[in-house]
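Colleague: I have a structure I would like to understand better, so I am pasting it below and will then ask my questions one at a time.
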Amino acid sequence: MKKLYSNLILTFAVSLSLFQVACDDFLDLSPTNAIPSTIAITNKETANAAIIGAYNSVQNYYSSYYITLGTITADNVSYNGTLSQYLQLDQNSISPDNIGTVTVYQTIYSAINSANSIIAAIGSVNDPLFTTPEKNKILGEAYFIRALSYFDLARGWGGVQIQQNPTKDLSTLSGIKRSTLQQTYDRVLEDLIKAEELLPEDDTTTRNRAQKNAARALRARLHLYREQWTEAEQYATLVIGSSKYSLVKPFNTFFSSPFLSRESVFELTFTSNDKNSYWNLWYPSTVGGQYTLKPSETLVTQLNNPNIGGTRKSLIAGSGNSVYGVLYNTVSTSTDPAYVIRIAELYLIRAEARAKKSATDLPGALSDLKEVRDRADVPKFDSDNKEAVILAIENENSIEFAFEPHRWFDLVRTKRVGAVLGLTNTDYWLFPLPASDILSDPDVDQNPGY
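Read left to right, the sequence shown gives residues 442 to 891 (the numbering used here).
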């Protein structure tokens with residue numbers, strides 16, 4: 442972390458003119474080494490600009506390597522090139538200086554530090570135009586962003602260093618050892634509890650900023666990862682019960698038009714001035730892309746099978762050896778959102794929780810599975826065998842989120858990497874911490890095997 446924060450001493454010296462820009466777009470807040478972040482947030486305008494900057498930090502990792510880390514490492518996506526950073530990910534042979542894992546690790550900590558700055562400063566802001574509900578909303582969003590960031594670190598790297606204060610002096614980082622995975626998840630839970638308490642109830646339109654149900658949805662995912670089935674079911678049910686969300690039909694509606702659809706519980710929005718060029722990695726050169734990431738042959742077969750893929754075959758285009766993914770598809774504008782949480786995930790979280798909890802509820806699990814399959818026009822799956830139902834839910838997750846960062850992390854949390862991918866050495870189920878962090882900070886232990 443010393444190396445990281447030597448490059449990312451984030452502060453918020455933000456003027457009113459910057460805030461006017463932020464109203465139209467997420468922006469990067471200019472860092473300065475001269476003004477502590479807790480001083481820079483001084484009124485309503487700078488607080489609003491700061492939270493926009495924090496969202497932008499999350500955008501920075503969800504529009505680059507992070508999605509790739511959750512896809513190319515598993516069996517749905519293959520690498521279609523020769524660059525070593527992608528080849529290592531595809532082959533699950535990752536070096537500690539891999540540019541993909543290093544970039545994501547450092548960028549997530551940048552988002553954490555942005556959230557830390559807001560959490561530390563907001564309580565001391567004295568502005569008569571800045572009401573308590575407005576303060577609570579921004580503070581709740583900051584807790585949500587920090588929770589999401591630590592969750593994404595934990596499921597990729599295991600227990601990490603917990604930094605809860607904005608970085609002003611590099612010496613404050615000395616001696617911070619890695620927490621365990623459970624301690625890191627405890628931190629996530631604490632932040633989500635605070636976020637849910639502070640965030641406003643959902644309105645009918647906002648899907649690109651955190652509201653109560655976004656916090657509840659992430660909490661359902663957290664409980665699933667921690668194998669806390671009752672809580673996972675409880676929080677998934679809260680979100681599913683909201684009239685704001687529904688599975689849209691046909692399947693491709695949520696990623697074609699319009700954006701901010703009823704499918705999204707939380708997504709990150711991009712604009713023509715704040716582009717998401719991730720489509721470029723998926724499209725062939727004939728359409729202006731690099732064709733770096735390619736659907737695997739197995740996935741293509743599954744998507745084209747009406748009993749498995751159904752209408753989800755709309756995730757791919759092309760033919761023969763030139764099939765490509767089209768989930769990210771705004772070639773002319775580069776404005777694809779990053780899909781962080783969709784309502785389909787909540788149905789499958791609840792299905793898995795119902796199947797795995799001590800008082801197994803297979804009818805309930807099958808009902809939730811049917812909702813997702815019906816939307817894709819896939820025939821109903823039925824079984825009274827618990828393990829068969831659990832496997833069907835796993836397979837449904839794989840197809841439903843084929844190009845979103847789920848498959849690798851799902852296989853790791855269920856300890857199915859060896860059985861599905863043949864990678865039996867559990868050391869390589871976690872990503873390596875950046876080599877530069879290990880070399881510069883004796884308090885940081887590398888993950889085993891690296």
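For every residue, glycine included, the Cβ atom is placed at its ideal position computed from N, Cα and C.
1. I need the straight-line Cα distance from Ile790 to Pro569, nearest angstrom please.
2. So, using beta-carbon positions, are Thr608 and Thr712 closer together than 7 Å?
3. Over the uninterrupted beta strand (DSSP E) stretch that includes Ile782, give me the two end residues.
4. Taking 8 Å as the limit between beta carbons, can you name the residues of its chain near Glu704, skipping five residues before and five after?
5. With 16 as the cutoff for other CB atoms within 10 Å, does Gly494 come out buried or exposed?
6. Within 10 angstroms of the Cβ of Ser702, are there 16 or more other Cβ atoms? Answer buried if so, exposed if not.
7. With H, G and I counted as helix, E and B as strand and the rest as coil, what does DSSP make of Phe735?
8. Identify the residues that DSSP records as bridge partners of Ala758: which are they?
9. Buried or exposed for Arg857, please, with buried defined as at least 16 other CB atoms from any protein chain shown within 10 angstroms of its CB.
10. Please classify Asp882: is it buried, with 16 or more other beta-carbons within 10 angstroms of its beta-carbon, or exposed?
11. How should Asn826 be labelled, buried or exposed, when 16 other C-beta atoms within 10 angstroms of its C-beta is the threshold for buried?
12. Under 8 Å by Cβ, that's how I've got Glu708 and Tyr780 pegged, so tell me the actual separation to the nearest angstrom.
13. According to DSSP, is Phe700 helix, strand or coil?
14. Among the residues of its own chain, which have a CB less than 6 Å from the CB of Gln526, if the five just before and after it don't count?
15. Which one or two residues does DSSP pair with Arg619 in a beta bridge?
16. Tell me the residue span of the beta strand (DSSP E) that contains Val518.
17. Given a cut-off of 7 Å, decide if Gly581 and Ala636 are closer than it, judged by their beta-carbon atoms.
18. Which residues mark the beginning and the end of the beta strand (DSSP E) in which Val706 is found?
19. CA-CA distance, Pro641 and Val545?
20. Which one of Asn654, Ala561, Leu862 has the shortest CA to CA distance from Val386?
21. Taking C-alpha atoms, which residue in Ile586, Gly597, Ser558 lies nearest to Phe872?
22. Classify Leu659 as buried or exposed, calling it buried when 16 or more other Cβ atoms lie within 10 Å of its own Cβ.
23. Pick out whichever of Gly729, Tyr666, Thr774 has its Cα sitting closest to the Cα of Asn714.
Modeller: Taking the coordinates as given:
1. 43 Å
2. no
3. 779–783 is the span of the beta strand (DSSP E), which, as asked, contains Ile782.
4. Tyr686, Ser687, Leu688, Val689, Thr694, Phe695, Arg783, Ile784, Ala785
5. So Gly494 ends up on the buried side.
6. buried
7. Rather than Phe, the amino acid found at residue 735 in this sequence is Lys. If DSSP states are grouped into helix, strand and coil, Lys735 belongs with the strands.
8. Tyr765
9. exposed
10. buried
11. exposed
12. 5 Å
13. Phe700: coil per DSSP, three-state reduction.
14. Asn539, Ile540, Gly541
15. According to DSSP, Arg619 bridges with Gln602.
16. Val518 -> beta strand (DSSP E) spans 518–520.
17. yes
18. 705–709
19. Linking Pro641 to Val545 through their CA atoms gives a straight-line distance of about 30 Å.
20. In the structure as shown, the chain begins at 442 and stops at 891. Residue 386 is therefore absent and cannot be evaluated.
21. Nearest C-alpha to Phe872: Gly597.
22. buried
23. Thr774
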